[in-house]
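Trainee: Supplied in structure tokens, the structure appears directly below.
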Amino acid sequence: LNRRLASFGTTIFAEMSALAARTGSINLGQGFPDTDGPAQIAEAASRAVLTGLGNQYPPGPGVPELRAAVARHQERFYGLSWDPDAEVLVTAGATEAIAASLLALLEPGDEVVALEPYYDSYAACIAMAGATRVPVTLRPHGGAFALDPDELRAAVTPRTRLLLLNSPHNPTGTVLGPAEIAAIAELAVERDLLVVTDEVYEHLVFEGVHTPLASLPGMRDRTVTISSAGKTFSFTGWKVGWVTAAPELVAAVRSAKQFLTFVSSGPFQYAIAEALDLPDSYYADFRADLAAKRDLLAGGLAAAGFEVFRPQGTYFITTDITPLGEKDGLAFCRSLPERCGVVAIPNQVFYDDRTAGAAHVRWAFCKRTAVLQEAVERLGRLA
Ligand code: PMP
Ligand code: GLN
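The opening position of the sequence shown corresponds to residue 26 in our numbering, with each subsequent residue numbered one higher.
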């Protein structure tokens, strides 16, 4: 393994899901739903396979039906209009969109300012691009995590090429508010920076609203927006993601993408085109279901003695384990299956400075109510 990747090892998600499988524990670690998305969309995928839609290589930018549906979705929810031919690119999940964007836009030695804790693939992809990450830490503030715009501003140097953002934010559940988004946009314009924004949890906002970075003044032409069907439609295995951006940026990302996967997920692209057109009630019901699950798990974790940071979005809750007399989240997560048959994710692996999130642990609540109830009962025995 080369030096760029040597420090990354195996992802925490693989480690913890394997631990859950080996010990038969309830897996609240890796974020994936235990109930598949709408049957009607699964049927659309199966129909596509059986009628020969997408069984051979789809077009490089994605099938036209899906690109048009992505554009309609951005118009419907945010009033943003994108040309489906020049400004939309389908990718193998958000993961490939992140990799292709960073590989396409960064020169070796460039600096990338990224929110910390960060989703693990950001650090690895910045390293693969030969660039340097400069973390700006979200800090606990009034029961949630907040961005300090002054810290963000201070992190930008003449070598900064782009800002890598994520809201709603994994793992903290923070949703950047209007003031934070405005400060980011102002900084990007002032310092002439590109922005890559990971908005895969765009429909999982329980408090406040999701504001796409691309919708702010001066941002449309400097922003690469990334989303994914995995989160919104509960089909994480299908790996259908997409990028929306100005034509030159989409063309750049496509240059990298064509040598990563070339294309992927043919029949699933047709099914997700249908999913994006589901009525508003689908999106509202999905959000309401998860909001109730958030409350159930947050209540259970608090009752079990954890300090709970209440998420405004995503399907994750971050907790502090200090009140339980614990201080190392990684050791805690490795011992948890034996102690009570539950698996979680230690946030410290999402930091450059591991002391910052050392005592924080993340729990996924995209699980059936009965499973969450059982998890809460088991966690209640920890004390
Ligand atoms: N970004 C974030 C913040 C995520 O949480 C995830 C999924 N875990 C991804 C990207 C990857 O999405 P996909 O499964 O579509 O590749
Ligand atoms: N995004 C999911 C999470 O944060 C997992 C994705 C993965 O396994 N790479 O849990």
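From the three backbone atoms N, C-alpha and C, an ideal C-beta is built for every residue, glycine too. Only a predicted model underlies this, so the values are computations on that prediction, with no experimental measurement involved.
Going along the chain, which residues of its own chain have a beta-carbon closer than 6 Å to the beta-carbon of K256, five neighbours each way excluded?
Mentor: Here residue 256 corresponds to residue number 231 of the sequence shown, with the count starting at 1. Excluding residues within five positions, the ones whose Cβ falls inside 6 Å are V225 and Y226.
Trainee: Among L187, R97, L91 and L30, which has the Cα closest to the Cα of L140?
Mentor: Taking the first residue of the sequence shown as 1, we reach residue 140 at position 115. Out of L187, R97, L91 and L30, L187 has the C-alpha closest to the C-alpha of L140.
Trainee: Which same chain residues end up closer than 7 Å to A381 when comparing Cβ atoms and leaving out the 5 residues on each side of it in sequence?
Mentor: Position 356 of the sequence shown, counting from 1, holds the residue named residue 381. Here the set comprises T162.
Trainee: Reducing DSSP to helix, strand and coil, say where H98 ends up.
Mentor: As a position in the sequence shown, residue 98 is number 73, starting the count at 1. Of the three classes helix, strand and coil, the one that applies to H98 here is helix, per DSSP.
Trainee: Can you tell me whether P84 is buried or exposed? The criterion is at least 16 other CB atoms within 10 Å of its CB, across all chains shown.
Mentor: Stepping through the sequence shown from its first residue, residue 84 is reached at position 59. Flag for P84 reads exposed.
Trainee: Are there three or more Cβ pairs, one per stretch, closer than 8 Å when the region 218-238 is compared with the region 246-256?
Mentor: yes
Trainee: Just to check, is the beta-carbon of Q373 closer than 7 Å to a non-hydrogen atom of the ligand GLN?
Mentor: The sequence position of residue 373 within the sequence shown is 348, counting from 1. Result no, Cβ not under 7 Å from the ligand GLN.
Trainee: Taking G338 as the reference, give the member of S306, T199, Q373 and L404 with the closest Cα.
Mentor: As a first step, residue 338 must be located in the sequence shown, where it is residue number 313. Per the Cα distances, T199.
Trainee: Roughly how many angstroms lie between the CA atoms of F293 and M153, to the nearest whole one?
Mentor: By 1-based counting over the sequence shown, the position of residue 293 is 268. By 1-based counting over the sequence shown, the position of residue 153 is 128. Near 29 Å, if we compare the C-alpha coordinates of M153 and F293.
Trainee: Note the first and the last residue of the continuous alpha helix (DSSP H) segment covering E227.
Mentor: Translated into positions along the sequence shown, residue 227 becomes position 202. No alpha helix (DSSP H) holds E227; DSSP gives it neither H nor E.
Trainee: Look at T36 and D145 and say whether their C-beta atoms are less than 8 Å apart.
Mentor: Within the sequence shown, numbered from 1, the residue matching residue 36 stands at position 11. Within the sequence shown, numbered from 1, the residue matching residue 145 stands at position 120. Yes, the Cβ-Cβ distance between T36 and D145 is below 8 Å.
Trainee: Give every residue of the same chain whose Cβ lies closer than 6 Å to the Cβ of V95, excluding the five residues on either side of it in the sequence, and list them in chain order.
Mentor: As a first step, residue 95 is located in the sequence shown; it is residue number 70 there, counting from the start. Counting only Cβ-Cβ distances below 6 Å, and skipping sequence neighbours, we find V113 and W267.
Trainee: If you measure from the CB of A356, is any heavy atom of the ligand PMP nearer than 7 Å?
Mentor: Locating residue 356 in the sequence shown gives position 331, where the first residue counts as 1. Not so, every heavy atom of the ligand PMP lies at least 7 Å from the Cβ.
Trainee: Check whether the Cβ of G56 lies closer than 7 Å to any heavy atom of the ligand GLN, and answer yes or no.
Mentor: Reading the sequence shown from its first residue, position 31 is the one you call residue 56. Using a cutoff of 7 Å, the CB of G56 counts as near the ligand GLN, since one of the ligand's heavy atoms is closer than that.
Trainee: What distance in whole Å lies between the Cβ atoms of A125 and K318, which are believed to be in contact at a cut-off of 8 Å?
Mentor: The residue labelled residue 318 in the question sits at position 293 within the sequence shown. The residue labelled residue 125 in the question sits at position 100 within the sequence shown. Not quite, the Cβ-Cβ distance comes to about 33 Å (not below 8 Å), so this is no contact.
Trainee: Given 8 Å as the limit, is there contact between the region 155-173 and the region 45-56, that is, 3 or more CB pairs closer than that?
Mentor: no
Trainee: Would you say T120 touches the ligand PMP, meaning its beta carbon is less than 7 Å from a heavy atom?
Mentor: Indexing the sequence shown from 1 puts residue 120 at position 95. Within the cutoff, so yes.
Trainee: Are the CB atoms of L404 and V368 within a distance shorter than 8 Å?
Mentor: Here the question's residue 368 lines up with position 343 in the sequence shown. Here the question's residue 404 lines up with position 379 in the sequence shown. No, the pair does not count as a contact, with Cβ atoms beyond the cut-off.
Trainee: Which whole runs of the alpha helix (DSSP H) in the region 183-217 are 4 residues long or more, in chain order?
Mentor: 203-215
Trainee: Measure from the alpha carbon of I51 to the alpha carbon of each residue in R245, E399 and R406, then state which is nearest.
Mentor: Here the question's residue 51 lines up with position 26 in the sequence shown. Checked all of R245, E399 and R406; the closest Cα to I51 is E399.
Trainee: Comparing the CB of Y340 with every heavy atom of the ligand PMP, is any distance shorter than 7 Å?
Mentor: Here residue 340 is taken as the residue at index 315 of the sequence shown, counted from 1. No.
Trainee: Which whole-angstrom value describes the C-beta separation of P196 and F341, a residue pair presumed to lie in contact below a C-beta threshold of 8 Å?
Mentor: Here residue 196 is taken as the residue at index 171 of the sequence shown, counted from 1. Here residue 341 is taken as the residue at index 316 of the sequence shown, counted from 1. Between F341 and P196 the Cβ distance is about 5 Å, and since that is below 8 Å, they are a contact.
Trainee: Using the beta-carbon count (16 or more within 10 Å), is S32 buried or exposed?
Mentor: Here residue 32 is taken as the residue at index 7 of the sequence shown, counted from 1. Exposed, since its Cβ has fewer than 16 Cβ neighbours within 10 Å.
Trainee: For the ligand PMP, any of its heavy atoms closer than 7 Å to the Cβ of K264?
Mentor: Numbered from 1 along the sequence shown, position 239 holds the residue referred to as residue 264. Within the cutoff, so yes.
Trainee: Excluding the five sequence neighbours on either side, which residues of its own chain have a C-beta within less than 6 Å of the C-beta of K352, listed in chain order?
Mentor: Taking the sequence shown and counting its residues from 1, one reaches residue 352 at position 327. Closer than 6 Å at the Cβ level, and outside the excluded window around K352, lie A384.
Trainee: If you drop the 5 nearest sequence neighbours on each side, which residues of the same chain put their C-beta closer than 7 Å to that of W107?
Mentor: The sequence position of residue 107 within the sequence shown is 82, counting from 1. The answer, listed in chain order, is A96, Q99, V113 and T269.
Trainee: Assuming E332 is part of the beta strand (DSSP E), what are its boundary residues?
Mentor: Position 307 of the sequence shown holds residue 332. Element bounds for E332: E332 to F334.
Trainee: In terms of residue numbering, what span does the beta strand (DSSP E) encompassing T222 cover?
Mentor: Along the sequence shown, one-based indexing puts residue 222 at 197. Its beta strand (DSSP E) spans residues L219 to D223.
Trainee: Is any heavy atom in the ligand PMP found nearer than 7 Å to the beta carbon of I123?
Mentor: The residue given as residue 123 occupies position 98 in the sequence shown. For the ligand PMP, at least one heavy atom lies less than 7 Å from the Cβ of I123.
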